[in-house]
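In what follows, a structure is listed as structure tokens, so that the remarks can point back to it.
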Amino acid sequence: MRLGIIIGVFLLVLAFGSALVELFTDWLWFDSLGQVEPYFTTVTTRVGLFAAGFATFLVWYVLHYFVARRLSPRRLPAFTLEGGVWRRARFDQAYLDRILLTGTLSTGIFFGIVFGAALSSEWRDILVYLYQRPFGQTDPLFGYDVGYFVFNVPLYRFAVGWLFGLVALGFGLSLAIYSVTILGFNFTLLRYDFAVSRGVLLHLATQIAITLIIAAAHYRLEAFDLVYSRRGTIYGAGYTDVSVVLPTFTILSVILVVAAALVLLSAYQRGYHLLIGAGGAWAIVMVLGLYLAPSAVQSFQVLPSELDKERDYIAANIRLTRQAFGLDRIEERSFPAEESISPAEVRNNPETIANIRLWDHRPLLQTYGQIQSIRQVYKFRDVDIDRYEIDGRYQQVMLGARELAPENLSREAQTWVNRRLQYTHGYGVVMSPVSEVSREGLPNLLLRNIPPVGVLPVQRPEIYFGETPDGHIFVNTGIGEFDYPKEDENVFSFYTGKDGILLNSVWRRLAYALYLGDPNIMLSSYLNAESRVIYRRNLADRISRLAPFVQLDYDPYIVIADGKLYWIQDAYTTSSRYPYATPVDVALPVATNDPRRPYRVNYMRNSVKAVVDAYDGTTTLYVADPTDPIIQSYSALFPTLLRPLEEMPASLRRHVRYPEQLFLAQSEVLRSYHLTDTQVFYNREDQWGRPKELFESKPVDVEPYFVIMKLPGEARVEFLQMMPFTPATRENMIAWLAARSDEPHYGGLILFKYPKDRLIYGPSQVESRIDQDAQISQQLKLWSGSGSEVIRGNLLVIPIGNSNLYVEPIYLKASRSEIPELRRVVVATGNRIVMEPTLAEAMARLVDGAASPGTGTAGAPPDPGSATGGARPPDGAVPPVARPPEGTTPPATGSTNPEVARLAQSARDHYNRAQEALRSGDWTRYGEELRALEQDLNRLVQLSGQ
């Protein structure tokens, strides 16, 4: 007995001791972030709900024990088997009473913990229910605000399940006690007529009646779930659901309420005929109303005239789906998509052309890793795209954070001191323009090396927090932290940031030794009163622990602002309970080791922008969509946790962008829900698809991509996210969607639709044109045959003026090299396709229409240095970029007209300056010189006609 008590006490201490350690360490962690108030609200709510659930169950459970013992016989029968017959035996009445009470208390405490934990786990739904804000939209079936379905119904469903379990276990206990006290486990007595008091019957009947009323409430909630029905042609209640299933749920609820009254009545009148009748009616109505009748109505009444029967419900599905994903805010425009790009369009869009992305993030990640990792302890996990003002130019750039990878240390170096005390942080970022390439086919690095060197100052390059870190470290210890290598020695530093919990007492060290499972915290001589422990350094872990009510985008990106490094993480509020809205699968990270777990949602908003200081871990959550009712509710619940977006520093706001995962989800939904006419939607005659492109010679879905460009009708360039669309069963393009990221148009969505009366090439069709071009395909095959790997990067569709420009970079990776090099650029329009060593040469040849100086004659053996079979132009040689207008000829060489000679010299000068601008990438000056050249040529035409 004593041993059992000791074991029980030990288990209680172990369980509650672990919980107390977690409470204490979490309090210290939230306090280090200045967010004790949200933590206190969460903890007190969870503890209070657990206590309420535990106490409620235990009181209910024990109450039934005492009621049952009160109503059951005073003496407990006991039976023993002797000689094959049941005979009454002697027994200890008090002992058996103690057994029943002990069993009741033991099972009551166990199930009380289960029910308390279940209620505590619903803390978030309960709190947001209390602080909920209305959506301002009503469902078309019941007329309730959408918030009723998002906030209320899930909680009601939990309550029904929780109460059902409570009543069922109380009923089971009562039945068990009556079985013991009346039958004494001798169930053969059921064959005899033994007396059961009216009190016992009333006790059991009351619990059965409560169960039936709970079941009636369940049917009512099932009726609410019809707004998510999949029976008809659309998502949501259709004709059959409204006409047959909904009334059936109402009738079933009424039958169960009547049955509950009959059960209570049967406790007084020993007749069960009415109760049996109610049960039969319930069974008949359920089978007919939920199974047979819906199938018959759907087959024989709805399907023969489906559009007429479902028209209103289809309209509701379209309207609410577009609302749920924000598609109702899309502005629609037409785009002519002319076949060729004119020189005027090139001149008018120099910044767009200068920011065409030639670097695909996939091969660029390999290149960064090979040329800028510096040491094996660093790695680049991802490459991000952003825009910066550099030397007065608005530029699109690619960045990679050089994060720590201690797992790359040799086995001998995998020591506790190295992993926890010395190798604590990454260092710096690499930045390169999206469109610039060195002569060796490598990116032109604007920021590089350790310490960082480049065009932007980075005074605090250390990266303690990021996408990769997933373990705890200690700073301000008796040993320096590895910073970076310098010649034949290493440079060490000490952390001076704000994050981290001081280990200035034995209790703190003990708590963290238990919490982190690291006994060295108590043993290491390197730790002192100034030492700090830093954990939850992974962005997903950190933000999810601070704000568990948001889902995170899979692609946080690093930003340079005010000489420091920050991470910006887009976060979403989602729901699968928006009535009549068709759901879509989205991939959102929920844990470090599960970065793209799919979620099925039918409501999504980018409600939060989280900013994490890469050095000291300061985490700030900004409300990016204050119109979202879900984030409004959490803002009221946690007023100190969420800040208005207007409070974000301007240096960071310049780098806010439209979120990728929301844009992808909206693009997926838009494929069907660009249609608003019910008949056209029903016919599915204009469904869109996601285009395909080639990557490493394999077809893959086109991903949304960022560009800097001037939208048609706009005065200046801006940072956009784009997604092209094709018809569902064809490959030509039919539209493209743009999401705006720059102020004052942030969050705007514009859908550009192409003319339907002619072919607009889609990405896969342009890929086929590339393969079918004899010279280009011959060159690609030549490279592949020589042992090099040809990598075809993103094929980008970039609208310029009234035309589409298609751009695909071509990379080469030698068989013995891990560094992909950009070697060719393919550009195309609706009627032309060219490939040249650089974008400038390709654009000049595409617009000019003449052969490049390096082009060989037909049939000449191809040279690996040229895209079209000829030798690569020498340094400084560029193709012609302009020609006289159609129908004109250059002036005669022997002309003696002084004006003609002057204009010819002027044209040559403008031409030469245009070449200089072309080589330097100065597209503004390039456009100005082309305009001047055109004026000279037009004047020459006039003179030649005199």
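Read in this note's numbering, the sequence shown has 519 at position 306, and its numbers run on one by one without any break.
Think of the CB as a built atom: it goes at the ideal place given N, C-alpha and C, for glycine as much as any other residue.
Please name the residue in the options whose C-alpha comes closest to that of residue i.
{"i": "R758", "options": "T787, G605, R1005, T832", "result": "T832"}
{"i": "W780", "options": "A726, G730, V642, V746", "result": "V642"}
{"i": "D826", "options": "D841, Y816, S848, L865", "result": "L865"}
{"i": "L533", "options": "R1126, D775, A794, Q482", "result": "A794"}
{"i": "V363", "options": "V380, L313, L354, Y342", "result": "Y342"}
{"i": "L850", "options": "F762, V1060, G349, G975", "result": "F762"}
{"i": "Y278", "options": "I390, L736, A472, S744", "result": "I390"}
{"i": "P1187", "options": "L386, F384, R346, D338", "result": "Residue 1187 falls outside the range modelled here, since the chain spans only 214 to 1159, and no answer is possible."}
{"i": "L1116", "options": "Q1155, A800, V1020, A1127", "result": "Q1155"}
{"i": "P286", "options": "G412, I983, L332", "result": "G412"}
{"i": "E680", "options": "A952, S885, Y725, I756", "result": "I756"}
{"i": "L415", "options": "G383, Y481, S334", "result": "Y481"}
{"i": "D970", "options": "I963, Q991, E956, M946", "result": "M946"}
{"i": "D783", "options": "I771, P674, V746, L622", "result": "I771"}
{"i": "V596", "options": "P646, L622, N568", "result": "P646"}
Where does the unbroken beta strand (DSSP E) through residue i begin, and where does it stop?
{"i": "F687", "result": "686-688"}
{"i": "W572", "result": "Per DSSP, W572 belongs to no beta strand (DSSP E) and is neither H nor E."}
{"i": "G247", "result": "From DSSP, G247 is part of no beta strand (DSSP E); its letter is neither H nor E."}
{"i": "K911", "result": "911-914"}
{"i": "K592", "result": "591-593"}
{"i": "K822", "result": "816-826"}
{"i": "P1022", "result": "1016-1026"}
{"i": "S885", "result": "Looking at the DSSP string, S885 is not in any beta strand (DSSP E); the run it does join, the alpha helix (DSSP H), is 873-886."}
Roughly how many angstroms lie between the CA atoms of residue i and residue j, to the nearest whole one?
{"i": "V393", "j": "L376", "result": "26 angstroms"}
{"i": "D1088", "j": "L778", "result": "Its pLDDT being 35, under 50, D1088 is placed unreliably in this model, and the value from its coordinates should be taken loosely. Approximately 38 angstroms, taken between the alpha carbons."}
{"i": "I497", "j": "G961", "result": "54 angstroms"}
{"i": "L501", "j": "E873", "result": "48 angstroms"}
{"i": "I692", "j": "D712", "result": "19 angstroms"}
{"i": "A1145", "j": "A618", "result": "55 angstroms"}
{"i": "R1045", "j": "V1039", "result": "11 angstroms"}
{"i": "G374", "j": "S442", "result": "21 angstroms"}
{"i": "T709", "j": "Y369", "result": "50 angstroms"}
{"i": "Y640", "j": "Y697", "result": "8 angstroms"}
{"i": "G936", "j": "V814", "result": "Here the sequence assigns Met to residue 936, which means Gly is not the residue at that position. So the two alpha carbons sit approximately 21 angstroms from each other."}
{"i": "E653", "j": "Y847", "result": "53 angstroms"}
{"i": "Q1148", "j": "T840", "result": "53 angstroms"}
{"i": "A232", "j": "E625", "result": "36 angstroms"}
{"i": "N1151", "j": "R1121", "result": "14 angstroms"}
{"i": "L1153", "j": "T565", "result": "31 angstroms"}
{"i": "Y636", "j": "G613", "result": "20 angstroms"}
{"i": "E743", "j": "W240", "result": "19 angstroms"}
{"i": "L740", "j": "Y677", "result": "19 angstroms"}
{"i": "G730", "j": "L715", "result": "18 angstroms"}
{"i": "N703", "j": "L1009", "result": "43 angstroms"}
{"i": "E980", "j": "G902", "result": "17 angstroms"}
Any heavy atom of the ligand MN closer than 6 angstroms to the CB of residue i?
{"i": "Q879", "result": "This structure simply doesn't include the ligand MN, nor any ligand for that matter."}
Over what stretch of residues does the alpha helix (DSSP H) that includes residue i continue unbroken?
{"i": "N530", "result": "519-537"}
{"i": "F908", "result": "Taken as a continuous stretch (DSSP letters only), F908 belongs to no alpha helix (DSSP H), being part of the beta strand (DSSP E) at 905-908."}
{"i": "E1049", "result": "Here E1049 belongs to no alpha helix (DSSP H); instead the beta strand (DSSP E) covers 1046-1049."}
{"i": "N561", "result": "556-561"}
{"i": "V1040", "result": "Segment 1034-1041 is the beta strand (DSSP E) holding V1040; no alpha helix (DSSP H) there."}
{"i": "L865", "result": "863-866"}
{"i": "P857", "result": "Segment 855-857 is the beta strand (DSSP E) holding P857; no alpha helix (DSSP H) there."}
Fully enclosed by the stretch 433-464, which alpha helix (DSSP H) runs are 4 residues long or longer? With a minimum length of 4 residues, no continuous alpha helix (DSSP H) run stays inside the stretch 433-464.
Would you check if there are 3 or more beta carbon pairs closer than 8 angstroms linking the stretch 490-510 to the stretch 921-930? no
What are the start and end residues of each continuous alpha helix (DSSP H) run of 4 or more residues lying completely inside the stretch 698-778, in chain order? Within the stretch 698-778, the runs of alpha helix (DSSP H) at least 4 residues long that lie entirely inside it are, in chain order, 719-729, 733-736, 752-759.
Validate contact between the stretch 999-1014 and the stretch 537-546 using beta carbons, cut 8 angstroms, 3 pairs: Judged by Cβ distances under 8 angstroms, the stretch 999-1014 makes no contact with the stretch 537-546, as fewer than three pairs qualify.
Would you check if the stretch 575-587 and the stretch 1026-1034 touch, i.e. whether three or more CB-CB distances between them fall below 8 angstroms? yes
Segments assigned alpha helix (DSSP H), at least 4 residues, entirely inside the stretch 315-383: 336-343
Whether or not the stretch 869-886 and the stretch 260-272 are in contact is what I'm after, with contact meaning three or more pairs of Cβ atoms, one per stretch, closer than 8 angstroms; do they touch? no
Is the stretch 524-532 touching the stretch 1005-1024 in the sense that three or more CB pairs, one from each, lie closer than 8 angstroms? no
Count the C-beta pairs between the stretch 910-927 and the stretch 888-900 that are closer than 8 angstroms, then say yes if the count reaches three, no if not. Counting Cβ pairs under 8 angstroms, fewer than three are found: no touch.
Taking 8 angstroms as the cut-off, does the stretch 629-636 touch the stretch 656-672 (at least 3 CB pairs, one atom from each stretch)? With the cut-off at 8 angstroms, the stretch 656-672 and the stretch 629-636 do not touch.
At least 3 beta-carbon pairs within less than 8 angstroms: the stretch 449-456 vs the stretch 424-441: yes
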